[in-house]
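J.:
Chains as they are written, first to last, in the working numbering: chain A, 1 to 141; chain B, 1001 to 1238.
(1) Let me know the alpha helix (DSSP H) ranges lying completely inside the stretch 1102-1175 of chain B, each 4 residues or longer, listed in chain order.
(2) To the nearest angstrom, how far is the alpha carbon of residue 1194(B) from that of residue 1046(B)?
(3) Hey, which unbroken runs of the beta strand (DSSP E) at 3 residues or more fall wholly within the stretch 85-132 of chain A?
(4) Report back the beta-carbon spacing between residue 127(A) and residue 23(A) to the nearest angstrom; my notes put them in contact at under 8 angstroms.
(5) Please name the residue, chosen from 1040(B), 1019(B), 1012(B), that lies closest to residue 1121(B) on a Cα-to-Cα basis.
(6) Just tell me which of 118(A), 98(A), 132(A) has its CA closest to the CA of residue 59(A).
(7) Quick one: Cα of residue 1104(B) to Cα of residue 1083(B), how far?
(8) For a quick check, are the C-beta atoms of residue 134(A) and residue 1076(B) less than 7 angstroms apart?
(9) Can you tell which of 1233(B), 1009(B), 1167(B) has the C-alpha that lies nearest to the C-alpha of residue 1207(B)?
(10) Taking Cβ-Cβ distances shorter than 8 angstroms, what residues in chain B pair up with residue 45(A)?
(11) Are there 16 or more other CB atoms within 10 angstroms of the CB of residue 1037(B), so buried, or fewer, so exposed?
(12) Give the interface partners of residue 131(A) over in chain B, defined as CB-CB distance under 8 angstroms, in chain order.
(13) Can you have a look at residue 1033(B) and say buried or exposed, based on whether 16 or more other CB atoms are within 10 angstroms of its CB?
(14) When the distance is taken between beta carbons, is residue 125(A) closer than 7 angstroms to residue 29(A)?
(15) Are the C-beta of residue 1121(B) and some C-beta of chain A separated by less than 7 angstroms?
(16) Where does residue 1007(B) sit, in a helix, a strand or coil, going by DSSP?
(17) Near residue 1111(B), which residues of its chain fall below 6 angstroms by C-beta distance, leaving aside the five closest residues on each side in sequence?
(18) List, in chain order, every chain A residue whose beta-carbon is nearer than 7 angstroms to that of residue 1054(B).
(19) I'd like to check one pair, residue 39(A) with residue 117(A): are the Cβ atoms closer than 7 angstroms?
(20) Please report whether the beta-carbon of residue 1047(B) lies at a distance below 7 angstroms from any beta-carbon of chain A.
(21) Three or more beta-carbon pairs under 8 angstroms between the stretch 1086-1096 of chain B and the stretch 1053-1072 of chain B, yes or no?
(22) One question on the structure: do residue 1016(B) and residue 1053(B) come within less than 7 angstroms of each other, judged by their Cβ atoms?
(23) Over what stretch of residues does the beta strand (DSSP E) that includes residue 1028(B) continue unbroken?
(24) Can you pull the chain A neighbours of residue 984(B), defined as C-beta to C-beta under 9 angstroms?
(25) Which residue or residues does DSSP assign as beta-bridge partners of residue 1214(B)?
(26) For residue 1115(B), decide whether its Cβ has a neighbour in chain A, counting only Cβ atoms nearer than 7 angstroms.
(27) Rounded to a whole number of angstroms, what is the C-alpha to C-alpha distance between residue 34(A) and residue 1079(B)?
(28) Quick one, are the C-beta atoms of residue 107(A) and residue 44(A) less than 7 angstroms apart?
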């Protein structure tokens, strides 16, 4: 048995090591339409780090100051203003990040229109800055 | 000599700042059929044999890691028979006995691969010992790699009355830049990545986190009154 509690460094256990970091931006247009019941996705890619690396991602919106939100399964944000049948209301953007090939990471912002009529976004362009860090997997063989 | 975060930030490792310890790791495959309902998830239960609830991260893939997705983040949105949803999707949880890998597939059934990394929590006593797994190749500490150095870590127990709306808990790091952070919540005996709490078979509270150049802010909203724990790590590495 080997001590794991209270150890600063130990050669008995694997750890996490840095791989690469970078930023990628994408713009959600301020006047776009999303069909009834449809999905509209905006994507951008960044190629950094090693294939199969682990991701840590956070995202900052031009509409929400300098705070970076940690990306998670439930990362979403009501982002401005839309009309539906001429009636105003908010809409939600949902964000994702994943490896789409090798060491290429794709980030996306997604609008899901749950309504039976077209949704029109009307709140001006929103620039999203994704801060991407990758780190190396512990060895599995 | 007091620790110097500014200089340690540029070091591969430093005895002033601890590294994460991988207490357990496991990889495997499982067939995940196409979901008929949003609640259709496949759960892989992995006994970990540890004397504590580990903090789990990891990744999964539908194609042998040609593409991959991290637990704690959503996969790309696709159109399915029940509307646009992130697919594939995965969540990971752990309790005192097992690690649970939950997987959702909105497309044609296929075999998923997964890799689970379980880290030791801050809450364990300093005398805690476990069986170490020797490195099969190479070294666990190697100066060819730049290790993630923990600047601040802790486990905060929060009591909440489950009143309406999100509340926040703030940790001041004062680093002057946006650092890397790892945040998990432990609720009803299960630990899961912050933001994953009600995703893909994981159930419990809602939470997410944000970072400024000086603070980590965790926003939470449990569904029932009681206590839960926030586990956090803020790394020197940005």
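All C-beta atoms, glycine included, are put in the ideal place defined by N, C-alpha and C.
T.: The short version:
(1) none
(2) Residue numbering aside, residue 1194(B) sits at position 194 when the second chain is read from its first letter. Residue numbering aside, residue 1046(B) sits at position 46 when the second chain is read from its first letter. Distance between the alpha carbons of residue 1194(B) and residue 1046(B) is about 21 angstroms.
(3) Counting only unbroken stretches of 3 or more residues, the beta strand (DSSP E) elements lying wholly within the stretch 85-132 of chain A are 87-101, 104-112, 119-121, in sequence order.
(4) Working through the first chain from its first residue, we reach residue 127(A) at position 127. Working through the first chain from its first residue, we reach residue 23(A) at position 23. So it is not a contact: roughly 12 angstroms between Cβ atoms.
(5) One-based indexing of the second chain puts residue 1121(B) at position 121. Out of 1040(B), 1019(B), 1012(B), 1019(B) has the C-alpha closest to the C-alpha of residue 1121(B).
(6) Your numbering for residue 59(A) matches position 59 in the first chain. It is 132(A) whose Cα lies nearest to the Cα of residue 59(A).
(7) On the second chain, position 104 is the one that residue 1104(B) refers to. On the second chain, position 83 is the one that residue 1083(B) refers to. Their Cα atoms are separated by approximately 14 angstroms.
(8) Start at 1 with the first residue of the first chain, and residue 134(A) comes out as number 134. Start at 1 with the first residue of the second chain, and residue 1076(B) comes out as number 76. Not closer than 7 angstroms, so no.
(9) The sequence position of residue 1207(B) within the second chain is 207, counting from 1. Nearest option by C-alpha distance: 1167(B).
(10) As a position in the first chain, residue 45(A) is number 45, starting the count at 1. Neighbours of residue 45(A) on chain B: none; closest Cβ ~12 angstroms, over 8 angstroms.
(11) If you number the second chain from 1, residue 1037(B) lands on position 37. Exposed.
(12) In the first chain, residue 131(A) corresponds to position 131, counting from 1. Result: 1178.
(13) Within the second chain, the letter at position 33 stands for residue 1033(B). Exposed, because fewer than 16 other Cβ atoms sit within 10 Å of the Cβ of residue 1033(B).
(14) Taking the first residue of the first chain as position 1, residue 29(A) is located at position 29. Taking the first residue of the first chain as position 1, residue 125(A) is located at position 125. Cβ distance < 7 angstroms, so residue 29(A) and residue 125(A) count as in contact.
(15) Position 121 of the second chain holds residue 1121(B). Not one chain A Cβ lies under 7 angstroms of residue 1121(B).
(16) Your numbering for residue 1007(B) matches position 7 in the second chain. Helix, per DSSP.
(17) Position 111 of the second chain, counted from the start, is the residue given in the question as residue 1111(B). Around residue 1111(B): 1029, 1031.
(18) As a position in the second chain, residue 1054(B) is number 54, starting the count at 1. Here the premise fails: no neighbours, minimum Cβ distance about 10 angstroms.
(19) Here residue 117(A) corresponds to residue number 117 of the first chain, with the count starting at 1. Here residue 39(A) corresponds to residue number 39 of the first chain, with the count starting at 1. No, Cβ-Cβ distance for residue 117(A) and residue 39(A) is not below 7 angstroms.
(20) Taking the first residue of the second chain as position 1, residue 1047(B) is located at position 47. So, not an interface residue.
(21) yes
(22) On the second chain, residue 1016(B) is found 16 positions in, with the first residue counted as 1. On the second chain, residue 1053(B) is found 53 positions in, with the first residue counted as 1. No. Outside cutoff.
(23) Counting from 1 along the second chain, the entry for residue 1028(B) is found at position 28. Start and end: 1022-1032.
(24) The structure shown has nothing for residue 984(B), since chain B only spans 1001 to 1238.
(25) Here residue 1214(B) corresponds to residue number 214 of the second chain, with the count starting at 1. Paired residue(s): none; residue 1214(B) is not in a bridge.
(26) Residue mapping note: residue 1115(B) aligns to position 115 of the second chain, counting from 1. Cβ-Cβ to chain A under 7 angstroms: yes for residue 1115(B).
(27) As a working mapping, residue 34(A) is identified with position 34 in the first chain. As a working mapping, residue 1079(B) is identified with position 79 in the second chain. Between residue 34(A) and residue 1079(B), the C-alpha separation is close to 13 angstroms.
(28) Residue mapping note: residue 107(A) aligns to position 107 of the first chain, counting from 1. Residue mapping note: residue 44(A) aligns to position 44 of the first chain, counting from 1. Yes, these two residues count as a Cβ contact at 7 angstroms.
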